[in-house]
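Asks: Everything in the sequence shown is counted per this note's numbering, starting at 333 for the first residue and increasing by one.
Built from N, CA and C at the ideal position, the CB exists for glycine as well.
First, the structure itself, so that you have it in front of you.
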Amino acid sequence: MIFAIAPNSIESVAEKIGKPSAELEKVQICGNAAFWSFDRKLYAKANWWKKTATPGIGEMITIRTANTLRKIAEM
333 MIFAIAPNSI ESVAEKIGKP SAELEKVQIC GNAAFWSFDR KLYAKANWWK
383 KTATPGIGEM ITIRTANTLR KIAEM
């Protein structure tokens, strides 16, 4: 999941990142978050993967993976 950090909106983040790679990624916006899935074998080719850490975007978001959520649940 990708969460937009206030005062940013997930829509503005998605607009800056651009369209996901149709064959590698799926993005569904819900509220101020985006459910983002991608082909783990080909993630380096995914459009969103490349751009989430770039200056100007990385500061607007926080990403939580299944591993992060699992660790929180174990606490």
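Spatial neighbours of residue 346 within its chain, please: CB distance less than 8 Å, with the 5 preceding and 5 following residues excluded, ordered by chain position.
Replies: 359, 361 and 366
Asks: How many angstroms separate the CA atom of residue 334 from the CA atom of residue 340?
Replies: Their Cα atoms are separated by approximately 12 Å.
Asks: Tell me whether residue 349 is buried or exposed, calling it buried when 16 or more other Cβ atoms sit within 10 Å of its Cβ.
Replies: buried
Asks: Once the 5 residues before and after residue 390 are set aside, which same chain residues still bring their CB inside 7 Å of it?
Replies: 384
Asks: Rounded to the nearest angstrom, what separates residue 337 and residue 386 at their Cα positions?
Replies: Answer to the nearest angstrom: the Cα atoms are 15 Å apart.
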